[in-house]
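Take -19 as the starting number for the sequence shown in my numbering and just add one per residue.
For every residue, glycine included, the Cβ atom is placed at its ideal position computed from N, Cα and C.
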Amino acid sequence: MPSTLKTLDQLKQDDCRLNDGWDFRCVMHFDNMSYVAWNSKSREAIVVDPAREDLEMILSETEKLKDYRFIAVIDTHTHADHISGAAKLAAQLSVPLIMQVHAPSHKVDIRISRDTTLPTAAGPLKFLVTPGHTADCMTPIWGPFIFTGDTLMYGDTGRDDLPTGDGAAHYDSLQKIKAHAKPQQLMLTNHDDPGRVSTWATQLKICPQLT
């Protein structure tokens, strides 16, 4: 099955919208969702959770942003269901690969060991350490985007029965995300079929684990 490119209009399930120059593209392969996100005012961009099979399409999208400064390639966690293309893409873009401190990869350039913020011209790029689905999960928040990886899915949470999964830690991580997320921010998950995006306010209503 070939990868497909999706815009917010094709993915949104409520009245979510973007302003202040923010936008993104989602590259989908089956139910896997990789993201190129940017701010056209600051001319900055990031890539989140790029899968190896999607690299050609992701690179095509990054080439459309030739005069932008790519800040980083980010993997929200170690993926059990597909091979990450993050290290290869980071090298091609000459930017750091950012992962949580417990990620087993030896190709990580910046490791996040605690909740922290990196400054960008468009606004703070926050990293929340959110173990549970795996020990190395984290949740980046940038502008209107909350990249939840497999910690949160559309109306659901990721599983905890994989190696290093921890249900109690996952619960604590959900509480942390709830404390930082804003109602109109968009939740961008790593997996969904057929591919859906909503505001955080909608997720609070439909996801039983967030009540």
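Using only the alpha-carbon positions, how far apart do residue i and residue j sit?
i: L142; j: A66; result: 21 Å
i: S(-17); j: A31; result: 10 Å
i: G129; j: R91; result: 17 Å
i: H152; j: L108; result: Before going further, note that residue 152 is Asp rather than His in the sequence given. Taking the straight line from one Cα to the other gives about 12 Å.
i: P104; j: M(-19); result: 37 Å
i: L190; j: L39; result: 35 Å
So what does DSSP say about residue i, is it helix, strand or coil?
i: H57; result: coil
i: I157; result: helix
i: Q165; result: coil
i: S64; result: strand
i: K(-11); result: Here residue -11 is Asp; the residue named in the question, Lys, does not match the sequence. Reduced to three states, the DSSP call for D(-11) is helix.
Thinking residue i and residue j are a contact (beta carbons under 8 Å), I'd like their distance in whole angstroms, please.
i: M118; j: Q80; result: 4 Å
i: I51; j: V28; result: In fact, because the Cβ distance is near 11 Å, the residues do not count as touching under 8 Å.
i: I121; j: H86; result: With a Cβ gap of about 27 Å, I121 and H86 do not count as contacting.
i: L166; j: F125; result: 6 Å
Classify residue i: buried if its beta carbon has 16 or more other beta carbons within 10 angstroms, exposed otherwise.
i: S(-11); result: According to the sequence shown, residue -11 is Asp rather than Ser. Flag for D(-11) reads exposed.
i: E24; result: buried
i: E41; result: buried
So is the beta-carbon of residue i under 6 Å away from any non-hydrogen atom of the ligand GTP?
i: G138; result: Ligands displayed in this structure: none; no statement on the ligand GTP is therefore possible.
- Task: Please determine if the stretch 145 to 153 and the stretch 180 to 188 are in contact, where contact requires at least 3 C-beta pairs separated by less than 8 Å.
- Result: no
- Does the count of Cβ pairs from the stretch 8 to 16 and the stretch 164 to 174 closer than 8 Å reach three? yes
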